[in-house]
Amino acid sequence: MEFEETQQLKLWWLYILLGIETIIVCSIIFLDKGGMSWQDLKDIYFLPIFSILLPYVIVFFVTKNRLTLKIDQHGITYHYWPFVRKKHISWATIKRAYLRKYDALSEYGGWGLRTRLWFKFNDKAYIFNDKILGLQLELDPKKVLFSTDRPDELALFLINLKRQYNITAIETDVRER
1 MEFEETQQLK LWWLYILLGI ETIIVCSIIF LDKGGMSWQD LKDIYFLPIF SILLPYVIVF
61 FVTKNRLTLK IDQHGITYHY WPFVRKKHIS WATIKRAYLR KYDALSEYGG WGLRTRLWFK
121 FNDKAYIFND KILGLQLELD PKKVLFSTDR PDELALFLIN LKRQYNITAI ETDVRER
């Protein structure tokens, strides 16, 4: 019995911004005052070309990162590629696990791997969608929130997991913030 979910950031609008940035930089480099010659580009080691390509590489890695969340009777395993290695949290270390409503912007300041606003550094969130329900884990000094694309399936899975394996950390009611 296992629940597994993979989520990615869907930032399609970043490519639109990159297109605008490319048009602006290319027009400045190649059209301003007659443009740059091939020899000028060689003399400055093709730096303008790299300045055009670097944002594309950064956006590629940002959009290809993904969170894999796996829940079973042994605990919760998550992997946030390429930033966080695979981590396992056993049910013995979890004080409470429940679904709760959250607001990505007002509580955490956005999407992705975030810490809670207002200097609450022990409160992390992995938010990858614009849904309002997520799995909140309360560990001894820390809290971790995982967004989910399938909150109904996750709630049903947690109820079944609690009944079948008698895991006391799981609470089945949905909470406000």
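Numbering (this note's numbering), first residue to last: 1 to 177.
We treat Cβ as the ideally placed atom computed from N, Cα and C, and that holds for glycine.
This one's a predicted model, so the numbers in the text were calculated from it and none came from an experiment.
Taken in chain order, the complete alpha helix (DSSP H) segments of 4 residues or longer contained in the stretch 12-43 are 13-31, 38-43.
Between Tyr108 and Ile94 the beta-carbon gap is near 20 Å, outside 8 Å, which marks them as no contact. If you draw a straight line from the Cα of Tyr15 to the Cα of Ile24, it comes to about 14 Å. When Phe30, Leu41, Thr63, Asp43 are compared, the shortest CA-CA separation from Leu11 is found for Thr63. Straight across, the Cα-Cα distance linking Leu31 with Leu17 is about 21 Å. Runs of beta strand (DSSP E) with 3 or more residues, each lying fully within the stretch 48-87, are found at 66-72, 75-81, listed in chain order. In this structure, Gln136 places its C-beta atom within 9 Å of the C-beta atom of Tyr98.
Look at Ala97 here: in three-state DSSP terms it is strand.
For Ile159, the closest C-alpha among the options Ile170, Arg150, Asp130 is that of Ile170.
Going by DSSP, Lys162 is part of the alpha helix (DSSP H) stretching over 151-165. Counting along the chain, Asp123 sits inside the beta strand (DSSP E) bounded by residues 120-127. Its chain contains Pro82 as the residues whose beta carbon lies nearer than 8 Å to that of Phe61, once the 5 sequence neighbours on both sides are disregarded; these appear in chain order. Boundaries of the beta strand (DSSP E) around Glu4: 2-8. Annotated as proximal: Leu145 and Lys124, with beta-carbon spacing under 9 Å. Taking 8 Å as the upper bound for CB-CB distance, Trp111 and Leu9 are in contact here, some 6 Å apart.
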